[in-house]
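Trainee: Attaching a single structure in structure tokens format; questions to follow.
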Amino acid sequence: MKILSTEQIYQADYATIENKSISSIDLMEFAANQCFNWIENYILSKDQKVHVFCGTGNNGGDGLVIARKLIQANYSVITYSVNFSENKSNDFIINYNRLIELNQNIVELNSSNDFPLILNNDLIIDAIFGIGLKRPPIGFVKQLIQNINESGAFIISIDFPSGLFSESTVIDKESVIKSDYTLTFQNPKLAFLLPENQEFCENWSIIDIQLDTSFIQSLKSNYETVDIDYIRSIYRKRKKFSHKGTFGHSLIIGGSYGKIGAVVLASKSALKIGSGLVTSYIPKCGYQVLQSSIPEVMVEVDDEKYLQYFNFKTKPSVIGIGIGMGEHLKTKNGFANFLKENKLPLIIDADAINIVSKHEELLDFIPKNSILTPHPKEFERLVGKWNNDYEKLIKLQEFSLKYSCVIVLKGAYSAIAYQNKIYFNVTGNSGLATAGSGDVLTGIITGLLAQKYSPLEASILGVYIHGKAADIGIKTNHTEETFIASDGINFFNQVFNSIKDWH
């Protein structure tokens, strides 16, 4: 699903009003009614007091409609007009008057002296500011936001947490609503996907307000979230007369004394994700471990405790390298020689990334269309520090363009960068924050690339499957605390079944 800029969102609103012959006030009514339905279905109880804080713009207009709907449904509601400006939008004024016509009192907030008492079992609807905010709230509005955050009440933000910027980093964190849940309109917002904003919008849902989808599809965006429809568009159903050669030969290179488990996880993942053949290339000390752990995987060995020769005999179609490899001097030298001679596609992870980051000249030997899978600290070693997450995204795009590669930046909402585009994955949970998760992902992507998915497809599909397996895992056998890396492999079948549901 496309992530639109603020200007593009405004354009989509205008296009919908024009193309569907609907007024802006009616579009606001529909959008707010959708929010009301969600709130009533998932949050509210009749004994809760609801505080609806409305700014003077169209976001405040949404809040006024929600307040009216709640009142008409016999909820206990107090509506506030947060008067940070004398300029009020036309749609705000119309909905303000509609509430007055219902003989409903609207509390005017003009200073901190007007702030209400909010109890921790109350519900707050935040409709003060929308996506167009360019500077941090100040004065009594900032104090109000702090008062709301400190109340302990459950906070629902409408479209966007008030005080958050949609396309730049927060300047004053004390001036932003810390929303428990955000109901955002039509498309995801880039700010929701960045770690620096997690305290403001950790949970969110998209509310379909029926904007003109044809117009939205015509817009260009460098950012996109990966949903099930996208996954189904790239998934390839197997054919009856396929054989193991059809699905490629994955070579997993890695391991060192005490870290053979990393290769076990990656090799098993490559096999379980569908690679026709899998070979592990490891130090001799791991031979028995691999042979006994995964009898379906072939094994070649290097030196006793560390890799140094990289002289495998197998003829793979793709290579995943770096997991558990370590940075022994002989390993570094052997890896550098391997890179200079290798022509096959690579999935580069962990210690292989760390070695390259310390020897930047090796970047020029990475084959085009390779895939690098760093976590944020490993990526920082490659490109240097960034001032904020928006700058980090630029560095992802620049690196991908410069080296003609795919970058999978792991974490919540893993970002997959290719050329100028970044795809954000929305599956997964904190259960993946455990040792070995990255090794499993490397194996998944390697196995998919072996099956002739493109590097971008393998990365997007691999990250989705990895996250979705964890989501299924914690809904069935596990919690986020008890989930371990190898658990996810057991749920690949359920993920594939969910993808195939449309066939």
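Residue 869 in our numbering sits at position 265 of the sequence shown; the count goes up by one each step and never skips.
A virtual CB, placed ideally from N, CA and C, is assigned to each residue, including glycine.
This one's a predicted model, so the numbers in the text were calculated from it and none came from an experiment.
Let me make sure I understand the geometry here. Which of 650, 741, 851, 941 has the alpha-carbon closest to that of residue 680?
Mentor: Among 650, 741, 851, 941, the Cα nearest to that of residue 680 belongs to 650.
Trainee: Should residue 929 and residue 860 be called a contact, given that it needs their Cβ atoms to be closer than 8 Å?
Mentor: Contact flag set, yes.
Trainee: Can you look up residue 1009 in the DSSP assignment and give me helix, strand or coil?
Mentor: Three-state result, residue 1009: coil.
Trainee: Please list, in chain order, all residues of the same chain as residue 702 whose beta carbon is under 7 Å from its beta carbon, the five residues on each side excluded.
Mentor: Same-chain partners within the cutoff: 672.
Trainee: Note down the Cα distance separating residue 1020 from residue 996, rounded to an integer number of angstroms.
Mentor: Spanning the two alpha carbons is a distance of roughly 13 Å.
Trainee: Out of 631, 686, 724, 717, state which residue places its alpha-carbon closest to the alpha-carbon of residue 695.
Mentor: Nearest C-alpha to residue 695: 631.
Trainee: Leaving out five residues on either side along the sequence, give the residues of the same chain with a beta carbon under 7 Å from the beta carbon of residue 1091.
Mentor: Correct list, in chain order: 1077, 1082.
Trainee: For residue 643 and residue 760, which I take to be in contact (beta-carbon distance under 8 Å), what is that distance rounded to the nearest angstrom?
Mentor: Yes, they are in contact, since the Cβ atoms of residue 643 and residue 760 sit about 6 Å apart, within 8 Å.
Trainee: Check whether the stretch 879-891 and the stretch 1007-1026 touch, using three or more Cβ-Cβ pairs below 8 Å as the test.
Mentor: Touching, no.
Trainee: With H, G and I counted as helix, E and B as strand and the rest as coil, what does DSSP make of residue 884?
Mentor: It is a strand residue.
Trainee: Span of the alpha helix (DSSP H) holding residue 751?
Mentor: From DSSP, the alpha helix (DSSP H) with residue 751 extends over 743-754.
Trainee: Out of 932, 626, 944, state which residue places its alpha-carbon closest to the alpha-carbon of residue 908.
Mentor: For residue 908, the nearest C-alpha among the options comes from 932.
Trainee: CB-CB under 8 Å to residue 831, same chain, minus the five flanking residues each way: which ones, in chain order?
Mentor: 605, 1030.
Trainee: Taking one C-beta from the stretch 718-738 and one from the stretch 661-668 each time, how about it: are there three or more such pairs within less than 8 Å?
Mentor: They touch, by the three-pair rule.
Trainee: Give the straight-line distance between the Cα atoms of residue 973 and residue 1004, rounded to the nearest whole angstrom.
Mentor: So the alpha carbons of these two residues sit roughly 9 Å apart.
Trainee: Go through its chain and collect everything with a Cβ distance to residue 699's Cβ below 6 Å, but skip five positions before and after it.
Mentor: Once the five neighbours on either side are set aside, the close Cβ partners of residue 699 are 665, 668, 669.
Trainee: Is the shortest distance between the beta-carbon of residue 1017 and the beta-carbons of chain C less than 8 Å?
Mentor: Among the chains in the structure shown there is no chain C, since it carries only a single protein chain.
Trainee: Can you look up residue 1030 in the DSSP assignment and give me helix, strand or coil?
Mentor: Of the three classes helix, strand and coil, the one that applies to residue 1030 here is coil, per DSSP.
Trainee: Going along the chain, which residues of its own chain have a beta-carbon closer than 7 Å to the beta-carbon of residue 1107, five neighbours each way excluded?
Mentor: Its pLDDT being 47, under 50, residue 1107 is placed unreliably by the model, and the measurement read from it follows with that caveat. Hits under 7 Å: 841.
Trainee: So which of 716, 640, 610, 1040 has the shortest CA-CA distance to residue 772?
Mentor: If we check each option's Cα against that of residue 772, 610 comes out closest.
Trainee: Pairing CB atoms from the stretch 803-823 with CB atoms from the stretch 765-782, are three or more of them under 8 Å?
Mentor: With a cut-off of 8 Å, the stretch 765-782 and the stretch 803-823 count as touching, because enough Cβ pairs lie within range.
Trainee: State the beta-bridge partners of residue 654 as determined by DSSP.
Mentor: Answer is 681, 727.
Trainee: Ignore the nearest five residues each way along the sequence and tell me which others in residue 1010's own chain have a CB closer than 6 Å to its CB.
Mentor: Excluding positions up to five away in sequence, the list reads 975, 1022, 1059, 1060, 1063.
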